[in-house]
Amino acid sequence: MHDTSEAVTTMVITLSSPPQTPRIPTQRACPHRPPCPSATAPDHDAARCVASHPEQGWSLLCNGVVCFEDTGELLPDGRTVAPHRPTDSAAR
Ligand SMILES: [Zn+2]
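Residues 248 to 339 in this note's numbering are what the sequence shown spells out, letter by letter.
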């Protein structure tokens, strides 16, 4: 009879133990080849789009950068990039 309770106790201890390798979900490895530029790279907006929500006006890039339809960006570290429409730099 004692075998069952011991097995349950062992299972509870196993489940309550913290994982050995905590993972940060926003820092996934890039599966693309060639790899996408990182969020801190100057050309970070060239990363592949992994989630698009045009009805909400934003899309998520592979490197964790969120691009808004007004060309503004939200970086993974919380910084924001002001909208930089291509038409602004092209008008010269
Ligand atoms: Zn990628």
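Glycine included, every Cβ here is placed at the ideal spot set by N, Cα and C.
Residue nearest to glutamate 316 within the set Pro323, His300, His291 is His300 (criterion: CA-CA distance). Contact between asparagine 310 and alanine 294 holds, with the beta-carbon distance rounding to 4 Å and staying under 8 Å. Residue pairing by DSSP places cysteine 314 opposite Ser306, Glu320 in a beta bridge.
Ordered along the chain, residues surrounding ligand 1 are Cys277, Pro278, His279, Pro282, Cys283, Ala294, Arg295, Cys309, Asn310 [Cβ under 7 Å from any heavy atom]. Boundaries of the beta strand (DSSP E) harbouring serine 299: 296-300, taken from the DSSP string. Ranking Gln303, Gly304, Leu308 by CA distance to the CA of histidine 279 puts Leu308 first.
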